[in-house]
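Asker:
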Amino acid sequence: MSSANILAVTGNQAVAQAMKQIDPDVVAAYPITPQTDIVQAFSQYVADGVVKAELITVESEHSAMSACVGSAAAGARTMTATSSAGFALMFEILFVAASMRLPIVMTTVNRALSGPINIHCDHSDSMSGRDAGWIQIYNEDAQEAYDATVMGFAIAEQENVRLPLMNMYDGFIISGAIGPLRPLDTETVQSFVGDAPSYTNLLQPDAPVTMGPFDGLHGWYFEHKVAQNMAMDSALDAIQDTYDRFHELTGRRYDHLMTYKMEDAEVAIVVIGSAAGTARPVVDKLREEGIKAGEIKVRTFRPFPSAEFARVLSGVKAVGVMDRADSFGAQGGPLYLEILAALYQHDVQTKSVNFIYGLGGRDIFPHNIEEAFRTLADAAGGRELPKSRIYLNLKGV
Amino acid sequence: MKWDIRNIQDWGPDKHEPGALIPEAGNARYYKTGGWRAERPVRDEETCTQCLFCYFFCPDASVVVEDQKVVAFDYDHCKGCGICMVECPPDAISMHPESEFTEEGS
Numbered sequence: 009m010s011s012a013n014i015l016a017v018t019g020n021q022a023v024a025q026a027m028k029q030i031d032p033d034v035v036a037a038y039p040i041t042p043q044t045d046i047v048q049a050f051s052q053y054v055a056d057g058v059v060k061a062e063l064i065t066v067e068s069e070h071s072a073m074s075a076c077v078g079s080a081a082a083g084a085r086t087m088t089a090t091s092s093a094g095f096a097l098m099f100e101i102l103f104v105a106a107s108m109r110l111p112i113v114m115t116t117v118n119r120a121l122s123g124p125i126n127i128h129c130d131h132s133d134s135m136s137g138r139d140a141g142w143i144q145i146y147n148e149d150a151q152e153a154y155d156a157t158v159m160g161f162a163i164a165e166q167e168n169v170r171l172p173l174m175n176m177y178d179g180f181i182i183s184g185a186i187g188p189l190r191p192l193d194t195e196t197v198q199s200f201v202g203d204a205p206s207y208t209n210l211l212q213p214d215a216p217v218t219m220g221p222f223d224g225l226h227g228w229y230f231e232h233k234v235a236q237n238m239a240m241d242s243a244l245d246a247i248q249d250t251y252d253r254f255h256e257l258t259g260r261r262y263d264h265l266m267t268y269k270m271e272d273a274e275v276a277i278v279v280i281g282s283a284a285g286t287a288r289p290v291v292d293k294l295r296e297e298g299i300k301a302g303e304i305k306v307r308t309f310r311p312f313p314s315a316e317f318a319r320v321l322s323g324v325k326a327v328g329v330m331d332r333a334d335s336f337g338a339q340g341g342p343l344y345l346e347i348l349a350a351l352y353q354h355d356v357q358t359k360s361v362n363f364i365y366g367l368g369g370r371d372i373f374p375h376n377i378e379e380a381f382r383t384l385a386d387a388a389g390g391r392e393l394p395k396s397r398i399y400l401n402l403k404g405v
Numbered sequence: 677m678k679w680d681i682r683n684i685q686d687w688g689p690d691k692h693e694p695g696a697l698i699p700e701a702g703n704a705r706y707y708k709t710g711g712w713r714a715e716r717p718v719r720d721e722e723t724c725t726q727c728l729f730c731y732f733f734c735p736d737a738s739v740v741v742e743d744q745k746v747v748a749f750d751y752d753h754c755k756g757c758g759i760c761m762v763e764c765p766p767d768a769i770s771m772h773p774e775s776e777f778t779e780e781g782s
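Here it is in structure tokens:
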């Protein structure tokens, strides 16, 4: 692909572009910063007749997700986008979408949950929805967000998956900042996405069905929850297969975990989202000093690739897990807890510590990450790591 | 479509339709809710004027009508709510504790 095909766009413009090229049947959404201009751009495409999609403007995110559920249940390809408080308002229906096994694709532009009232980036919105039953994929930049949007239905609609999928990226840092995008041509996008599978839906008058029924007083809720988890297990391969197929098509390689200089790493950080890009030059700098540093960027968070983590971390002496969301009263942030469990379950004896950073949009600088790496390097040399969280770039310390 | 659910009590997670879908219309009739009933409605044939109020008011379609006449209650599905008794203009319907009836609550 020639450099003439590189666009300078914001993360939100990149996703709106992908949505335009996919041209789903229905988009139902409500505006919220920093997601708003995705759907704003898309509504312009609808108004201009560039897409055939039906745009449903609703009165809240609870209604947005409810409309998405109805639409997807009727067999329509359905997309939406949200952030923060909007995500929180659709929380109830996130579970309904997942339990009805509806392959809705949603962009969640990460923003803090109040309070104090804060519109900036952290991951507390989508992390709070990690048990809703959605596939969760985190993206570092506009290109990843675009690619992940193109790949969304290909994952969510697979026969043994049939789960809703949400793509995340950092509010403002990625959503509003301009970066390079190599878009695919629309024909390529449409052929990758393919035709929607013809699952049973509500709009078959000759074969009427009931969706979202009451489960009875002593019904099968438990069995359905287990079935959802089985679908999640299948999603791990489905995601990788889709990544592989996308790689063949575009040359762009994705994995559940994207590793950087991890082959011989003794100290590593695990990071989600845009901070991964901040950390890589730090890894390079420390490598020049002779410190065997590496980075693991998490793309797939649900289903959680725990065996993959255990494999990548097995030779590492000390790992620092960077969480951009906290879990109050827990032993650490959500990512840290997952990794601790993965290490324990796979009997990997890597020392670990939790770094909390970036809450409410607090900047994370290379020197903060360097500081984190030096703590890990000390631990690799025999020093004990604290059991409590280490806060990066916290004021007054 | 006829959905065979004879052994559904023993179905594990992989046997169900994804998303708890029910692929057969109107099969709620196989789900007998009569067992929920504490009191059953009994209609006095003499007093009944066949106005059909009970039929129209019954929320569970449990008043059986043939040739435009009430002939029975469907005790397999009547939950004993008593709305028919309240609505009946000539007070032809009365509610009686299930314990008064010797046979199983059907």
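Chains as they are written, first to last, in the working numbering: chain F, 9 to 405; chain S, 677 to 782.
Glycine is no exception: its CB is placed at the ideal position from the N, C-alpha and C atoms.
Just so we're clear, the structure is a prediction, and the values are computed from it rather than from any experiment.
1. Can you tell which of F:M98, F:L171, F:A315 and F:S396 has the C-alpha that lies nearest to the C-alpha of Q239 (chain F)?
2. Can you tell me whether T86 (chain F) is buried or exposed? The criterion is at least 16 other CB atoms within 10 Å of its CB, across all chains shown.
3. Thinking R369 (chain F) and N126 (chain F) are a contact (beta carbons under 8 angstroms), I'd like their distance in whole angstroms, please.
4. List the DSSP bridge partners of D331 (chain F).
5. Could you tell me which of F:Q43, F:I101, F:L321 and F:V290 sits nearest to D139 (chain F), measuring between CA atoms?
6. In whole angstroms, give me the CA-to-CA distance for A380 (chain F) and G57 (chain F).
7. Give me the Cβ distance between E303 (chain F) and A287 (chain F), rounded to the nearest whole Å; I'm assuming they're in contact under 8 angstroms.
8. Give me the DSSP bridge partner(s) of K305 (chain F).
9. Determine whether the beta carbon atoms of L15 (chain F) and P124 (chain F) lie at a separation below 8 angstroms.
10. In the region 202-225 of chain F, which residues sit with their C-beta less than 9 angstroms from some C-beta in chain S, listed in chain order?
11. Excluding the 5 residues flanking Y154 (chain F) on each side, which residues of the same chain have their C-beta closer than 7 angstroms to its C-beta?
12. Where I769 (chain S) and P735 (chain S) are concerned, what is the direct C-alpha to C-alpha distance, given to the nearest angstrom?
13. Would DSSP call N401 (chain F) helix, strand or coil?
14. Applying the 10 Å Cβ sphere with the 16-neighbour rule, what's the burial state of S206 (chain F)?
15. Name the DSSP bridge partner or partners of H772 (chain S)?
16. Note down, in chain order, each residue of its chain lying with its Cβ closer than 6 angstroms to the Cβ of A318 (chain F), except the 5 sequence neighbours on either side.
17. On the DSSP bridge assignment, give the partners of P188 (chain F) in chain order.
18. At the level of alpha carbons, what is the spacing between V34 (chain F) and A150 (chain F)?
19. Spell out a yes or no on whether the region 73-84 of chain F and the region 47-57 of chain F are touching, meaning 3 or more CB-CB pairs, one atom from each, closer than 8 angstroms.
20. Hey, which unbroken runs of the beta strand (DSSP E) at 3 residues or more fall wholly within the region 69-153 of chain F?
21. When the Cβ atoms of the region 754-768 of chain S are set against those of the region 688-698 of chain S, are three or more pairs found closer than 8 angstroms?
22. Taking 8 angstroms as the threshold (beta carbon to beta carbon), is W142 (chain F) in contact with chain S?
23. Could you list which residues in chain F have their beta carbon closer than 9 angstroms to that of A737 (chain S), in chain order?
24. Would you kindly report the start and end of the unbroken beta strand (DSSP E) that includes T725 (chain S)?
25. Does the beta-carbon of T194 (chain F) have 16 or more other beta-carbons within 10 angstroms, so that it is buried, or is it exposed?
26. Pull the bridge partners of Y177 (chain F) from the DSSP assignment, please.
27. Among F:F180, F:L173, F:D130 and F:P111, which residue has its Cα nearest to the Cα of V17 (chain F)?
28. Is it true that the region 336-352 of chain F meets the region 160-171 of chain F, where meeting means three or more beta-carbon pairs spaced less than 8 angstroms apart?
29. What is the DSSP secondary structure of A748 (chain S), counted as helix, strand or coil?
30. Exposed or buried, which one is H232 (chain F) when buried takes at least 16 other CB atoms within 10 Å?
31. Spatial neighbours of A204 (chain F) within its chain, please: CB distance less than 6 angstroms, with the 5 preceding and 5 following residues excluded, ordered by chain position.
32. Name the residue from F:E378, F:L265 and F:G19 whose alpha carbon lies nearest to the alpha carbon of L244 (chain F).
33. Does the contact criterion of 3 or more C-beta pairs under 8 angstroms hold for the region 330-339 of chain F versus the region 295-310 of chain F?
34. The beta strand (DSSP E) spanning T358 (chain F) covers which residue range?
35. In this structure, how does DSSP classify E742 (chain S) when only helix, strand and coil are distinguished?
36. DSSP puts I64 (chain F) in a beta bridge; with which residues?
Answerer: Taking the coordinates as given:
1. For clarity, residue 239 (chain F) is Ala in the given sequence; the question names Gln instead. That would be F:L171, whose Cα lies nearest to the Cα of A239 (chain F).
2. Under this definition T86 (chain F) is a buried residue.
3. The sequence as given places Gly at residue 369 (chain F); Arg does not occur at that position. A Cβ-Cβ separation of about 7 angstroms places G369 (chain F) in contact with N126 (chain F) under the 8 angstroms criterion.
4. According to DSSP, D331 (chain F) bridges with F:I364.
5. F:I101
6. Those two C-alpha atoms are separated by around 51 angstroms.
7. 5 angstroms
8. Beta-bridge partners of K305 (chain F) (DSSP): F:M266 and F:V279.
9. Against a cut-off of 8 angstroms, the Cβ pair of P124 (chain F) and L15 (chain F) comes out as no contact.
10. Y207, T208, A215, P216, V217, T218, M219, G220, P221, D223, G224 and L225
11. In chain order, A22, V23, Q25, A26, L189 and P191 place their CB closer than 7 angstroms to the CB of Y154 (chain F), counting only its own chain and leaving out the 5 sequence neighbours on each side.
12. 16 angstroms
13. Three-state DSSP puts N401 (chain F) in coil, outside helix and strand.
14. exposed
15. S:R716
16. Answer for A318 (chain F): A350, H354 and V356, listed in chain order.
17. F:A16
18. The alpha-carbon atoms of V34 (chain F) and A150 (chain F) are separated by roughly 23 angstroms.
19. no
20. 86-90, 113-118 and 143-146
21. no
22. Not one beta carbon of chain S lies nearer than 8 angstroms to the beta carbon of W142 (chain F).
23. Chain F residues near A737 (chain S): none, gap ~17 angstroms exceeds 9 angstroms.
24. Looking at the DSSP string, T725 (chain S) is not in any beta strand (DSSP E), and its letter there is neither H nor E.
25. It is exposed - the Cβ of T194 (chain F) has fewer than 16 other Cβ atoms within 10 Å.
26. F:V117
27. F:F180
28. no
29. Secondary structure at A748 (chain S): strand, using DSSP grouped into helix, strand and coil.
30. buried
31. R85
32. For L244 (chain F), the nearest C-alpha among the options comes from F:L265.
33. no
34. That residue, T358 (chain F), is in no beta strand (DSSP E); it is neither H nor E in DSSP.
35. strand
36. F:A36
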